[in-house]
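Shown next, in structure tokens, is the structure this report addresses.
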Amino acid sequence: MSTRDVTLDHVSIRFGQHTAVNNALLNIAGGEFFSFLGPSGCGKTTLLRCISGFIEPTEGRVLIGGKDMKRVGPNKRPTALIFQNLALFPLMSVADNIAFPLEVRGVGRKERRKRADELLDLIALPGVGDKKVYELSGGQRQRVAIARALAVEPDILLLDEPLSALDLKLRQHMRTELRAIQQRVGLTFIYITHDQGEALTMSDRVAVMNAGVIEQIDDPLTIYEKPRTPFVASFVGETNSIPGKVVSQSGFDVSLDTALGRLVGRSAGGRQFASGQDVVLFVRPEQLMLDPGGKIAATVVKEEFEGSQRHLFLEAGNAALRVSRVGGGAELMAPGLAVKLNFDPGRSSVMPAAGA
Amino acid sequence: MERIKGIFGDFVGRHGLGVAIYISASVLVWVIVLIALPQVAMLDYSFRHNLPPAQIGGPEDVYTISNYSYFLFGNGESFNALDTGVLFKTLFAAAIVTFIDILICYPIAFILAHSATGVAARMMVLGLIVPFWVNEILRAFAFRVIFGATGLVNGIGMGMGLWDTPVDFIRADVALYSSLTYSYILLMVFPIYNAVEALDRNQIEAAQDMGAPWWRVHWRIVLPVAKPGIASGATIVFMLTAGALAAPQIIGGPSNLWFTQLVYQWFNDASNWQRGAAYATILLGSCLTFVLLLMKVFRVPIGAIGR
Amino acid sequence: MSAPATSGRSFAVFYSILFFAFLFGPLLIMTVTAFNSSSFPRVTPWECFTTEWFSVLINNDRLMQGLVTSIFIGIGVVAISVPVGLAGALALSEINPALRSALYTVLITPVLIPGVVLGISTIVFWGNLGRSLGGGAQDLFFNGIFLTIVGQVTFISAYAMLIFSARLQRFDPTLTEAALDLGATPGQAFRRILLPFLRPAIGSAAFLTLLASFENYNTTVFTILADNTFTTALASKIRYGTDPSLSALAVIIIAVTLIGAITHEAYTRRREAILGGAAARSALYTNPLGRIVTHPATIFALLVVLAGFAVWKGSQHEAAECKMQIMDEKRANQERLLEEQRLRMQQQPQNAPQAPAQPGTPPAGTNPSPFGGAFGNVAPGASAPAPATPAPPATTNPSPFGGAFGNVAPGATPAPAAPQPPPQPPADANPSPFGGAFKNIAPAP
Chain B
1 MSTRDVTLDH VSIRFGQHTA VNNALLNIAG GEFFSFLGPS GCGKTTLLRC
51 ISGFIEPTEG RVLIGGKDMK RVGPNKRPTA LIFQNLALFP LMSVADNIAF
101 PLEVRGVGRK ERRKRADELL DLIALPGVGD KKVYELSGGQ RQRVAIARAL
151 AVEPDILLLD EPLSALDLKL RQHMRTELRA IQQRVGLTFI YITHDQGEAL
201 TMSDRVAVMN AGVIEQIDDP LTIYEKPRTP FVASFVGETN SIPGKVVSQS
251 GFDVSLDTAL GRLVGRSAGG RQFASGQDVV LFVRPEQLML DPGGKIAATV
301 VKEEFEGSQR HLFLEAGNAA LRVSRVGGGA ELMAPGLAVK LNFDPGRSSV
351 MPAAGA
Chain F
357 MERIKGIFGD FVGRHGLGVA IYISASVLVW VIVLIALPQV AMLDYSFRHN
407 LPPAQIGGPE DVYTISNYSY FLFGNGESFN ALDTGVLFKT LFAAAIVTFI
457 DILICYPIAF ILAHSATGVA ARMMVLGLIV PFWVNEILRA FAFRVIFGAT
507 GLVNGIGMGM GLWDTPVDFI RADVALYSSL TYSYILLMVF PIYNAVEALD
557 RNQIEAAQDM GAPWWRVHWR IVLPVAKPGI ASGATIVFML TAGALAAPQI
607 IGGPSNLWFT QLVYQWFNDA SNWQRGAAYA TILLGSCLTF VLLLMKVFRV
657 PIGAIGR
Chain A
664 MSAPATSGRS FAVFYSILFF AFLFGPLLIM TVTAFNSSSF PRVTPWECFT
714 TEWFSVLINN DRLMQGLVTS IFIGIGVVAI SVPVGLAGAL ALSEINPALR
764 SALYTVLITP VLIPGVVLGI STIVFWGNLG RSLGGGAQDL FFNGIFLTIV
814 GQVTFISAYA MLIFSARLQR FDPTLTEAAL DLGATPGQAF RRILLPFLRP
864 AIGSAAFLTL LASFENYNTT VFTILADNTF TTALASKIRY GTDPSLSALA
914 VIIIAVTLIG AITHEAYTRR REAILGGAAA RSALYTNPLG RIVTHPATIF
964 ALLVVLAGFA VWKGSQHEAA ECKMQIMDEK RANQERLLEE QRLRMQQQPQ
1014 NAPQAPAQPG TPPAGTNPSP FGGAFGNVAP GASAPAPATP APPATTNPSP
1064 FGGAFGNVAP GATPAPAAPQ PPPQPPADAN PSPFGGAFKN IAPAP
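Chains as they are written, first to last, in my numbering: chain B, 1 to 356; chain F, 357 to 663; chain A, 664 to 1108.
Here it is in structure tokens:
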């Protein structure tokens, strides 16, 4: 076990009656880029603050490098947190900010300055040490915050939606940058975000959270392709959900009756369903194809053009369906047109209906 | 006790032991030794007889309500119309002064928050503060210069032939009310300003856009936002006005006393501290009752004051 | 711009002008009276331009003694109430919301409690404590300066607390968390992050508490006991009669305030220009000469030099000649009045006492009011008419003359010694407003 491992051992966090995190159980390997993805209020920030030591878990243990972190304050843990608003000290220069962790550990002025300059080189911002924080641009501040966190020489870097304040272009650039820094320094990064794009592009593994519960932990591709719960299927990416009743199941293939007729889908997570059970079939819009020989009959409501993609909105058996296609080429389809659709059952997921 | 321990523990966790001790000790001394105990002592004192120092603590030193009954009935059986009248007049006048201040200050607070910008706004703030820095005594004095028999108003009035013997503005308490109104303007403007400033200017424009006349915009949009500020300012101004001592002493009419002057007289002229304490208690009690009553009527919490 | 908006705008301008006229009018009038040689502060009639009231002010020993006491008390109050107020603000910002509003109510009440109540409760409480402890405590707890500091701290701390609370509300608590996360101890985070953030508030709290302490009257007049602060001395001076040296004091305060305000404005603008970055930097701030000229220190120095020049110039001013002239006029006027009175008394001797009660016949251009002041100043030669008219003032001359007349009518005044015949400089201890005035007129006939 490396010192950079993090284990959450049945961690629950409650505030009075409210359960913010419910029985989280997971193991993050040293050097991994691990993301918590979920909507706001799902408990991911609470979990992060628990790992960094600002909150004690109500139940369960947090282990870092195999050691129980109970009653170890944030200033004593081998973690460094990058705050959502970065929390750079506005009254100090850039170099003083970066050297602050060394200052409080009693490192001499000369040595601190040397280390700060090294870190500025690492984040490719040499020579800005004497500037004030407000003189930097958003992206530069971002990198300074990372440099300051690295000055602690932590084993684990915790990032709380650090890119949310940046504009779109810069955000995309910083994703690449963050990943590059992570691979350069080899630390464990634990990243919190509600932006699936960020989670999917940067992470080795993603944990999707909802209402205090971790719903699925997998690599980004699996999360997208093989969601295990209705929440994951609908929260990560766009999807079509078609409710139905199970007719029969052979292996992973489930045959079900829906408003669109009898369809076949893949059982999510290899679940076994009983005949007549209420289920939902999830198909991504890009997996639904126009196919003259298809089984599903639908009517075009409208088609929208969005550059690289176009979105076709359809109505089939009182349900709304959505198909995504490559952007350029043919004319937009006219409303009222009757079409046939098809999909590969292997690229779909069948799950128990919510509440069932 | 457990609770206090818990709070202290929080302070230690947040700022360290030294800072936690500093905070807790300071606040405790402030609340108990400076605020609470003196009031209790005053209350206790107000129920005692005025005895020569040698007898204090002796067998004569017993509780009495004579100081309070004096306020109501004087020495005899009859109703003490003089002192109760002074109290009533003081509260009434303070309420009037407060009301005038609201009328004067609301527009300026609104202008400051929503019309003035940059240098003009800074200059206005400065203009509000400068008169406040001039000593309270001197502010009262200025109104004596203006309203005295030889003052500016009489000088101009008589010079223009509007009247030919000096009008006694001081006896009529015009000078006093003007001075009190003037003195606490700043304390009315800033709370209203703070409240009104939070109002999104778009709301006003939206209301105007929907065809509301200016008075309706203020009545329906601005005033509800300003209400806590007005309540806060009014409470402060009322308490300061009712508790004012310098201005009534300097420019009060010779026959119209302010209640604080009665308190002062019992203490300094009659050397009857016990009765003075009783009168001070009466002043405090009636002011607080009045303010709390108004806050209840207007549904404003006391926590809004000073914000 | 639409029509209603324009009319709203012009109303705003109009109202603001009215409002600030009300605000500055009294100060302006006071300023003017400070330079009028008339011994009662007034604008009309104008007598002579003079600067003598400034020296009268500075030579008032009682006031100056009070000033020293006030400064001493002020330092004590600042030293205690700033840290206490800070502690209060910190406690408020960090305890749980339910307790917070209760604590806030308790801490804000001293601001609302009438000052006289605070003063009384303070002396009663510490007096009791002193009596029961005895010995040295008794001396300390009956000391006016100690009691005043304690009494003022009770409510002035709340002012400081309000300033700190306002600043704390803008503090980002994640900064402290970041410091802790980066390895700082709670104490280190407090010293290195929170205190530096609060520094500007500490400055303004110190300033405001000093001012509040200096200004306070209602509490201090009780707690100071036999002693005097500047403000209580000032108040008792005004209660027993006024002269324009008080206006002179107002002028000094206003001047100091304006210098401070202008310097502060220069500082704010400069700071804004620098913080605004290169785009906001006007040519004025980039040009080296402009930088020096617009530097707050330069502006401050310039204003101080200007004020110093005004003081020097003022001290050179000699109003004696003008005043002689005025006095001659007054004397002539008075003799004429006396003459008229004598004539009238001869005509109707039985109505004599009423005669002076009708000053409705003075020559045009003379306000009935200067009468009182004139009497005071002409004292040496004119003591005769005074006793002749002792009764009527109350009906003829409304209250403000109480003081002025008092000096003419022996016995009615707390300090009757001052204006009596021998025109020698009065003793230093004399609080009479006319004491100083006399000094300057002494060489006159």
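We put the beta carbon where it would ideally sit given N, CA and C, even for glycine.
Buried versus exposed call for residue i [16 or more other C-beta atoms within 10 Å across all chains shown]
i, result
"T1052 of chain A", "Note that T1052 of chain A scores a pLDDT of 35, beneath 50, so its modelled location is shaky; the value from the coordinates is reported in the next line. That one is buried."
"H194 of chain B", "buried"
"I541 of chain F", "buried"
"S308 of chain B", "exposed"
"V816 of chain A", "buried"
"W571 of chain F", "exposed"
"G362 of chain F", "exposed"
"L969 of chain A", "exposed"
"L438 of chain F", "exposed"
"M516 of chain F", "exposed"
"V967 of chain A", "exposed"
"Q17 of chain B", "exposed"
"D96 of chain B", "buried"
"D257 of chain B", "exposed"
"K976 of chain A", "exposed"
"S611 of chain F", "exposed"
Separation of residue j from residue i, as counted between CA atoms
i, j, result
"W789 of chain A", "A868 of chain A", "27 Å"
"R902 of chain A", "M398 of chain F", "28 Å"
"E306 of chain B", "F36 of chain B", "30 Å"
"P1026 of chain A", "Q1004 of chain A", "The pLDDT assigned to P1026 of chain A is 41, lower than 50, so where the model puts this residue is not dependable; a value taken from the coordinates is nonetheless given after this. Using only the alpha carbons, I get a separation of about 14 Å."
"A354 of chain B", "D344 of chain B", "24 Å"
"L857 of chain A", "T839 of chain A", "7 Å"
"G441 of chain F", "A626 of chain F", "20 Å"
"A381 of chain F", "P760 of chain A", "21 Å"
"I146 of chain B", "F364 of chain F", "34 Å"
"T446 of chain F", "I771 of chain A", "23 Å"
"N491 of chain F", "T645 of chain F", "30 Å"
"D366 of chain F", "G904 of chain A", "58 Å"
"P907 of chain A", "F499 of chain F", "13 Å"
"R725 of chain A", "V573 of chain F", "55 Å"
"A742 of chain A", "M824 of chain A", "14 Å"
"G127 of chain B", "L843 of chain A", "27 Å"
Delimiting residues of the beta strand (DSSP E) encompassing residue i
i, result
"D9 of chain B", "6-15"
"M209 of chain B", "205-210"
"P357 of chain B", "Residue 357 of chain B is absent from the model: chain B starts at 1 and stops at 356."
"R325 of chain B", "319-326"
"S349 of chain B", "348-352"
"F313 of chain B", "309-316"
"N22 of chain B", "18-28"
Which residues DSSP lists as bridging residue i, in chain order
i, result
"T188 of chain B", "B:I156"
"I786 of chain A", "None, per the DSSP bridge assignment."
"E306 of chain B", "B:Q309"
Endpoints, alpha helix (DSSP H) assigned at residue i
i, result
"N97 of chain B", "94-103"
"C869 of chain A", "Reading off the sequence, residue 869 of chain A comes out as Ala, not Cys. Here the alpha helix (DSSP H) through A869 of chain A covers 858-878."
"Q140 of chain B", "138-151"
Rounded distance between the beta-carbons of residue j and residue i, thought under 8 Å
i, j, result
"G850 of chain A", "H371 of chain F", "7 Å"
"R402 of chain B", "L86 of chain B", "Outside the displayed range of chain B (1 to 356) lies residue 402 of chain B, so it cannot be described from this structure."
"A124 of chain B", "R113 of chain B", "Incorrect: roughly 19 Å between the Cβ atoms, too far for contact."
"A913 of chain A", "A675 of chain A", "Contact flag wrong, Cβ pair sits at about 30 Å."
*Selection of the region 846-857 of chain A by Cβ proximity to chain D, strictly under 9 Å*: Among the protein chains in the structure shown, which are B, F and A, there is no chain D.
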